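In what follows, a structure is listed as structure tokens, so that the remarks can point back to it.
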Amino acid sequence: MKNKKEIALVYNNINRYKACRLSKYLIGLTVNGYNLFELKVKYMSNKRWTLTFLFLIILFLYVFIQFIWTSKQMEETVEALDKRVSLHEEPPHFILIAQEFDNPYWRKVEKGAQDAAKKFQVEVEYVAPLRTSIEEQIKLLEKAIASKVDGIIVQSLDEEAFTPIINKAISKNIPIITIDTDAKASRRLSYIGTDNFAAGQLLGKTVVDMTTGQHKIGVIIGSESSDNQQERLDGFLSVIKQHPRLEVVEVQASNISRIQASIQADIMLRKYPDISVMVGTSALDAIGMTVAVKNLQRSDIQIFGFDDVEETLLAIKKGEITATIIQKPYEMGFIAVQLMSKHLQGQPIPNVYFTSSKKVDASNVQMEVTP
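The sequence shown stops at residue 384 when you use the numbering used here, and every number in between is there.
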């Protein structure tokens, strides 16, 4: 029994010795300079790096896709905000400074300007003195400059008085367009309105064509200080002087008032009872003259007016006024706003834009009367 145990022990020791030798042998085996153990370690290490590398690639792709998606979302958000800002952005603000607030002629200018404002997406503010006043107009112009508006459209009643104020606005990068009456010596961008000298000539030709024989003429102009009134008068006189049968005996001013026109006409007709033709160069003069003529019961007087005030056109239909020279106040207002809008967009605009004028008498008045 003892021998069997000893034999078994010896046998086990031999097996252990063989296993140990085998292990050392296996460890000693090499492949491409690496033993099997090192190969196993290296294989396990490479596998971990491969997995790590794949994980990093997947992570990078995920982050990259998230970045692209987020950038696109941000672009869409910014675009939407831009659209909202553009929708709520205030439009350019223009001020139209007229001669007299409720004058029918200037209300037509305002109507043209407001219609243009809707078309060109701007805002037009209409202001004017209650009564014609150069001083009040200049105050309104100064106020508009101080308000830093985007553009000013103004009638220059007195070039000498308005020129330095207009130049001041231009120096502050506030564009100015003159309307109806120009300030040629100023730095204004453009003038929109009638060629007043030519319109005065047309008025003179109308008197020549629609009268016969010798006539004394009384003239009433809107204002002695207004350049456009003086230009019309000069144009008128340049034609009348060519016809010896016609003589201008007196010129007075109505201050753009039908009441004053009536008073001046009454005084003139009493002073010169041989006057047979009365001529007015502003919108309300002819209407005022008709009142004086009726009061004095002078049915022999021929009256010639200016502009297409509704009362003037109706008086032509009745035969109370012989003819009038009409301007295009609506067109003036519309074109002024259009050109100012173009200027703000960097487009060139003309230095002068003359609107048309024409004679209206009994033969064509129906086309001008508002239905």
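From the three backbone atoms N, C-alpha and C, an ideal C-beta is built for every residue, glycine too.
Keep in mind the model is a prediction, meaning the values are calculated, not measured.
Cut-off 7 Å between Cβ atoms - residues of its own chain near residue i, not counting five sequence neighbours on either side
i, result
"I269", "Q112, E113, N116, T145, G235, S236, S295 and L297"
"L202", "P188, I189, I190, H356 and I362"
"V162", "H106, F107, I108 and I187"
From the options, residue whose alpha carbon lies closest to that of residue i
i, options, result
"A129", "P361, I362, K218 and Q351", "Q351"
"P342", "S370, K355 and G359", "S370"
"I233", "I192, V290 and M223", "V290"
"K254", "Q273, G217 and R283", "G217"
"I179", "G206, D163 and I151", "I151"
"Q243", "L153, Q214, N308 and A375", "Q214"
"I110", "E323, E155, K132 and F133", "E155"
"G231", "V306, I147 and I166", "V306"
"Y118", "Q168, K131, P104 and I158", "Q168"
"G164", "K331, V135 and S199", "V135"
"E173", "T219, K197 and L153", "K197"
"E123", "V378, P177 and I166", "I166"
"H228", "V261, R200 and V252", "V261"
With 16 other Cβ atoms within 10 Å as the buried cut-off, status of residue i
i, result
"N241", "buried"
"R258", "exposed"
"A212", "buried"
"Q340", "buried"
"N209", "buried"
"I78", "exposed"
"E323", "exposed"
"Q277", "buried"
"M380", "exposed"
"S312", "exposed"
"E148", "exposed"
"D247", "exposed"
"T325", "buried"
Residue i - partner residues in DSSP beta bridges
i, result
"Y204", "T191 and V365"
"I178", "In DSSP, I178 forms no bridge with anything."
"G164", "F107"
"V378", "None, per the DSSP bridge assignment."
"G318", "T337"
"V132", "Per the sequence shown, the amino acid found at residue 132 is Lys instead of Val. None, per the DSSP bridge assignment."
"Y139", "L109"
Endpoints, the beta strand (DSSP E) within which residue i is located
i, result
"H228", "H228 to I234"
"M223", "It is not in any beta strand (DSSP E) - M223 carries neither H nor E in the DSSP assignment."
"M291", "I288 to G293"
"A296", "Counting along the chain, A296 falls outside any beta strand (DSSP E), and DSSP gives it neither H nor E."
"Q150", "That residue, Q150, is in no beta strand (DSSP E); its alpha helix (DSSP H) goes I147 to A159."
"A266", "L259 to A266"
Own chain residues within Cβ distance below 6 Å of residue i, not counting five before or after
i, result
"Y204", "T191, D195 and V365"
"T43", "Because T43 sits at a pLDDT of 47, beneath the cut-off of 50, its placement in the model cannot be relied upon, and the following sentence gives the value as read from the coordinates. So no residue of the chain qualifies."
Residues near residue i in its chain [Cβ-Cβ closer than 8 Å; skip 5 each side]
i, result
"R245", "N209, F210, A212, G213, L216, I234, T294 and F319"
"L309", "D279, L282 and R283"
Range covered by the alpha helix (DSSP H) that runs through residue i
i, result
"G332", "Note, G332: premise wrong, no alpha helix (DSSP H); not H, not E."
"Q242", "D240 to I253"
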